[in-house]
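Our numbering puts the first residue of the sequence shown at 11, with every later residue one more than the last.
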Amino acid sequence: MRSRSIAWRLALAFALVCALVLSAIGVFLYRSLASEIAYRDDLALLGRLEQVRALLADSDSLGALQARPRLYQNMLGNLDSLLLVLRADGSSVIAINPRQRDLPALNAIPREHTPQRSDVLTWQAPDGAELALLSGAAQGPNGEPLTVIAGKVLSEREQMLGSYRMRLYLSVGLGALLAFALGLLLLRRGLQPLRQLSEAVRGIDLRSLDQRLPANGTPAELLEPVQALNGMLARLDDSVQRLSQFSADLAHEIRTPLHTLLASNGQALNHPRSTAEYQEVLASNMEEFERLKRMAENLMFLARAEQAERALNLQTLDLHSVGSELCDYFEALADDRDLRLDNRLLGELFADQQLLQRALGNLLANAVRHADRGSVISLRRRDEPGECWLQVHNHGQAIAPEHLGKLFDRFYRVDPSRAEPGDSGGLGLAIVQSIMQLHGGQVRVSSDADGTVFELGFVLSK
Numbered sequence: 011m012r013s014r015s016i017a018w019r020l021a022l023a024f025a026l027v028c029a030l031v032l033s034a035i036g037v038f039l040y041r042s043l044a045s046e047i048a049y050r051d052d053l054a055l056l057g058r059l060e061q062v063r064a065l066l067a068d069s070d071s072l073g074a075l076q077a078r079p080r081l082y083q084n085m086l087g088n089l090d091s092l093l094l095v096l097r098a099d100g101s102s103v104i105a106i107n108p109r110q111r112d113l114p115a116l117n118a119i120p121r122e123h124t125p126q127r128s129d130v131l132t133w134q135a136p137d138g139a140e141l142a143l144l145s146g147a148a149q150g151p152n153g154e155p156l157t158v159i160a161g162k163v164l165s166e167r168e169q170m171l172g173s174y175r176m177r178l179y180l181s182v183g184l185g186a187l188l189a190f191a192l193g194l195l196l197l198r199r200g201l202q203p204l205r206q207l208s209e210a211v212r213g214i215d216l217r218s219l220d221q222r223l224p225a226n227g228t229p230a231e232l233l234e235p236v237q238a239l240n241g242m243l244a245r246l247d248d249s250v251q252r253l254s255q256f257s258a259d260l261a262h263e264i265r266t267p268l269h270t271l272l273a274s275n276g277q278a279l280n281h282p283r284s285t286a287e288y289q290e291v292l293a294s295n296m297e298e299f300e301r302l303k304r305m306a307e308n309l310m311f312l313a314r315a316e317q318a319e320r321a322l323n324l325q326t327l328d329l330h331s332v333g334s335e336l337c338d339y340f341e342a343l344a345d346d347r348d349l350r351l352d353n354r355l356l357g358e359l360f361a362d363q364q365l366l367q368r369a370l371g372n373l374l375a376n377a378v379r380h381a382d383r384g385s386v387i388s389l390r391r392r393d394e395p396g397e398c399w400l401q402v403h404n405h406g407q408a409i410a411p412e413h414l415g416k417l418f419d420r421f422y423r424v425d426p427s428r429a430e431p432g433d434s435g436g437l438g439l440a441i442v443q444s445i446m447q448l449h450g451g452q453v454r455v456s457s458d459a460d461g462t463v464f465e466l467g468f469v470l471s472k
């Protein structure tokens, strides 16, 4: 399905908001106009009633008033005006009722009362016309009581209001269309940086991961996503470079034992040898095969750890017992180098026993390999608020600062010879880091003239 345009949806929303606002304004103006017209019509009726009352009071006789129609001739021929002056017996003195409508019974306003707008009655005639009526008591010549009925047909008002409503409808509709068109135009221009950003992203491929999206001139709303994308590109570039370096290092590590195996087997096949010599060649080949096996197992462990395929078997461990087992395992290797292992681990730790032993074992193997002869390798525990640090300390040649940040990279060695007996293939410290990541902890190293300290940091559960 084709995705809907953000610009169209926002433009429609903008047009809808404008239509609602214009409608609210139109309703307000319409009601204000209707109220004002009704107010003026009511005032006109009130004024007409007062004028007729005054006219009747000032006339010499009703006959003279009837003989002078010019006094009210402005109503004659006007189909919207209505004026009746009635005697007490119901006979008409003045009758201006163009449609000859039968009017309802009205309560006349006493002469001593001033008529108010509330006295105006709105009535709908049988023919559907709506009238405003006002009735009041009056006094004719010689004190005769009269009733004055003034009225106005409201058709003109309804026609004017209907015309005004139609104009409002047209104005709201045209305003909504105009708002939609202008909104769509402005939104498309406003979204131009997004299109430019898309073009810049499409121009980045595997060979140009070092490129970054331009942040200068980027709108403030897009600045944060652009920075996040640049950060992602930086991490992706670093990962690709690490993968390339890993592939090169792996090829180099595998090439060395394979070259050794090919050379030794080639020499054994080219020249007849005794049984003892063949056994020596096979034993040498077995060492290389063991090295390849360890490398494959370490790589498999790292791959599973990165994919979080290994479930941790967490349990409460006695650290002193764990340290004692490791010291017993490395005792023979330490004796060969005249080293002493000092286990000072105390307390308990909630961790995976197998992985903890492997991490500490890799650190101990590394310490035994690089410690000065006759020195002491110690296992210690140091607690900080919320954290537990397990330390492996050995005395030996200090590691240069430029190497400290790379020690946990795969296949990285400080020693350029890259080939020592029992070597982990440059993956031992990388495995330690992966184990700590599985535990949600961290590993760090420091090295100076007093020795080298590797530390495993575990978060203590509350």
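Heads up, the beta-carbon is just placed ideally off N, CA and C, and yes, glycines get one too.
By Cβ distance below 6 Å, which residues in the same chain neighbour residue i in space, the five residues on each side in sequence not counted?
i	result
residue 333	353, 355 and 389
residue 145	116, 118 and 159
residue 463	401, 403 and 456
residue 377	387, 402 and 404
residue 105	94
residue 383	347 and 348
residue 214	221
From residue i to residue j, what does the alpha carbon distance come to, in whole angstroms?
i	j	result
residue 342	residue 443	26 Å
residue 178	residue 210	48 Å
residue 328	residue 358	5 Å
residue 293	residue 274	11 Å
residue 264	residue 351	33 Å
residue 222	residue 244	8 Å
residue 471	residue 453	18 Å
residue 164	residue 139	7 Å
residue 408	residue 440	20 Å
residue 154	residue 107	23 Å
residue 228	residue 27	28 Å
residue 69	residue 36	49 Å
residue 410	residue 437	20 Å
residue 191	residue 250	47 Å
residue 71	residue 175	48 Å
residue 109	residue 166	15 Å
residue 39	residue 21	26 Å
residue 395	residue 469	9 Å
residue 281	residue 247	51 Å
residue 306	residue 299	10 Å
residue 226	residue 414	36 Å
residue 224	residue 254	27 Å
For the putative contact between residue i and residue j, defined by C-beta atoms under 8 Å, what is the C-beta separation to the nearest angstrom?
i	j	result
residue 450	residue 397	Not a contact, Cβ separation roughly 11 Å.
residue 43	residue 125	So it is not a contact: roughly 24 Å between Cβ atoms.
residue 135	residue 51	With 8 Å as the limit, residue 135 and residue 51 do not qualify as a contact, their Cβ atoms being about 16 Å apart.
residue 375	residue 405	Not quite, the Cβ-Cβ distance comes to about 16 Å (not below 8 Å), so this is no contact.
residue 148	residue 120	In fact, because the Cβ distance is near 10 Å, the residues do not count as touching under 8 Å.
residue 102	residue 94	6 Å
residue 367	residue 417	Actually they do not touch by this definition, with Cβ atoms about 21 Å apart.
residue 301	residue 267	5 Å
residue 446	residue 369	7 Å
residue 272	residue 295	The Cβ separation is near 10 Å, so there is no contact.
residue 156	residue 96	7 Å
What residues in its chain sit with their C-beta under 8 Å from that of residue i, if we drop five residues either side in the sequence?
i	result
residue 323	362, 363 and 364
residue 339	371
residue 391	329, 354, 355, 356, 357, 398, 399, 400 and 401
residue 168	140
residue 127	49, 52, 53 and 56
residue 204	232
In chain order, what residues of the same chain lie with their CB nearer than 7 Å to the CB of residue i, ignoring the 5 residues before and after it?
i	result
residue 59	125, 144, 146, 158 and 160
residue 151	69, 70, 71 and 72
residue 461	403, 404, 405 and 406
residue 67	149
residue 133	114, 141 and 143
residue 288	278
(message) Below 8 Å, how does it come out for the region 184-199 and the region 210-226: are there three or more Cβ pairs, yes or no?
(response) no
(request) Would you check if there are 3 or more beta carbon pairs closer than 8 Å linking the region 22-40 to the region 96-115? (result) no
(message) Extract the residue ranges of the alpha helix (DSSP H) inside the region 270-333, only unbroken runs of 4 or more that lie entirely within it.
(response) 285-316
(message) So, does the region 17-24 touch the region 196-205, judging by three or more C-beta pairs under 8 Å?
(response) yes
(message) Extract the residue ranges of the beta strand (DSSP E) inside the region 429-471, only unbroken runs of 3 or more that lie entirely within it.
(response) Whole beta strand (DSSP E) segments, 3+ residues: 452-458 and 461-469.
(message) As an exercise, report each continuous beta strand (DSSP E) stretch of at least 3 residues that is fully enclosed by the region 381-416, in chain order.
(response) Secondary structure in the region 381-416: the beta strand (DSSP E) runs of 3 residues or longer, each lying completely within the stretch, are 386-394 and 397-404 in chain order.
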